[in-house]
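Worksheet: one structure, shown below.
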Amino acid sequence: MTSKSFELHGNFHVKADIYKGLTIETHNLSLSDEEFENNLKSSLIYWIKEGIRGVWFKVNIANSSYVPILVKHGFLFHHAKTSYVMLTRWLPADEPNLLPQYPYTHIGVGGMVINDKNQVLTIQEKYHQIPHWKLPGGYSNPGEEFGDTARREVFEETGIETKFVSVVALRHHHKHIFDCSDIYVVCHLKPASETITKSNEEIAKCEWMDIEAYRNHPEVTEFNKLIMEAFLESQRLKTSIAASSILSFRKDCYNKVYHVRSTDDS
1 MTSKSFELHG NFHVKADIYK GLTIETHNLS LSDEEFENNL KSSLIYWIKE
51 GIRGVWFKVN IANSSYVPIL VKHGFLFHHA KTSYVMLTRW LPADEPNLLP
101 QYPYTHIGVG GMVINDKNQV LTIQEKYHQI PHWKLPGGYS NPGEEFGDTA
151 RREVFEETGI ETKFVSVVAL RHHHKHIFDC SDIYVVCHLK PASETITKSN
201 EEIAKCEWMD IEAYRNHPEV TEFNKLIMEA FLESQRLKTS IAASSILSFR
251 KDCYNKVYHV RSTDDS
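Next comes the structure, spelled out in structure tokens:
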């Protein structure tokens with residue numbers, strides 16, 4: 001949300017955005033509940049008169065007594081973190097609520113590590129419903145690129161350092177944990193070594209498996225077999241989904257763009 005610095009608007013210091021919205025953070029407030037409610041009531045009247053559309057209240061955990069007051073005055077829960085809860089209210093009575101939803105997609109990344117012996121690095125997790133061989137991987141951390149997640153997870157689970165080569169494929173499905181969608185990205189990685197140091201906390205088994213054995217193994221899922229076929233097909237076609245750094249629209253950072261390119265250097 002593009003915004004200005006904090007300024008006095010109504011009875012609160014707010015951060016205004018380009019969509020005629022306001023954000024109020026409570027961590028600097030020392031109002032009693034009664035004072036807060038009085039300020040809120042008069043501010044809402046003023047904001048509606050001024051044509052404000054969306055109001056966001058970021059309530060610090062130390063000010064949690066403000067939450068029922070905000071709910072009483074029409075605010076709804078938007079999202080929560082460990083130290084705050086965000087509540088919103090859409091003010092226009094003649095417009096549909098256009099406030100954006102909180103992000104609802106998880107990002108997981110798997111590492112397809114292929115060595116020079118035509119083997120793939122495979123694991124069996126320590127905790128599972130049905131034992132099966134799969135690729136090492138896990139969830140991305142905030143701000144982490146696909147390749148960085150794959151490299152980190154492979155190292156944490158198997159002790160093998162790798163280099164990102166390309167994206168192989170992705171899966172998108174819904175109704176995942178917390179009723180969120182899930183995107184799972186598989187990255188092709190090249191190993192710097194082949195000596196396995198298994199994580200005893202997460203991993204039951206870890207080994208280099210011949211690709212042909214992996215393709216036909218009864219304890220490899222159809223999904224993972226399909227991903228392997230996609231990788232082999234890209235090798236035959238001499239193509240890959242590579243990453244390029246592109247200057248952002250605002251020209252203040254670089255973004256990663258993933259695109260198909262030829263791997264034929266001739």
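In our numbering, the protein residues as written are 1 to 266.
The beta-carbon is built from N, C-alpha and C at its ideal position, and this holds for glycine as well.
Remember, it's a predicted structure, so these values are computed and weren't measured experimentally.
Item	Value
Alpha carbons only, please: which of 23, 240, 206 is nearest the one belonging to residue 157?	206
Please say whether residue 120 and residue 187 have beta carbons closer to each other than 9 Å?	no
Taking the beta strand (DSSP E) that residue 262 belongs to, which residues open and close that run?	254-262
Tell me whether the beta-carbon of residue 244 lies closer than 9 Å to the beta-carbon of residue 256.	yes
Have a look at residue 147 and residue 103 and give me their C-alpha separation to the nearest angstrom.	21 Å
If residue 78 and residue 88 are in contact, beta carbons under 8 Å, what's the gap, nearest whole angstrom?	5 Å
Could you tell me the boundaries of the beta strand (DSSP E) in which residue 203 lies?	203-210
Does any residue of chain C bring its CB to less than 9 Å from the CB of residue 21?	Any reference to chain C falls outside this structure, which holds one protein chain only.
Can you tell me whether residue 227 is buried or exposed? The criterion is at least 16 other CB atoms within 10 Å of its CB, across all chains shown.	buried
DSSP three-state label for residue 42, please.	helix
To the nearest angstrom, report how far apart residue 11 and residue 83 are at their CA atoms.	24 Å
With residue 24 and residue 57 assumed to form a contact (beta carbons below 8 Å), what rounded beta-carbon distance in angstroms separates them?	5 Å
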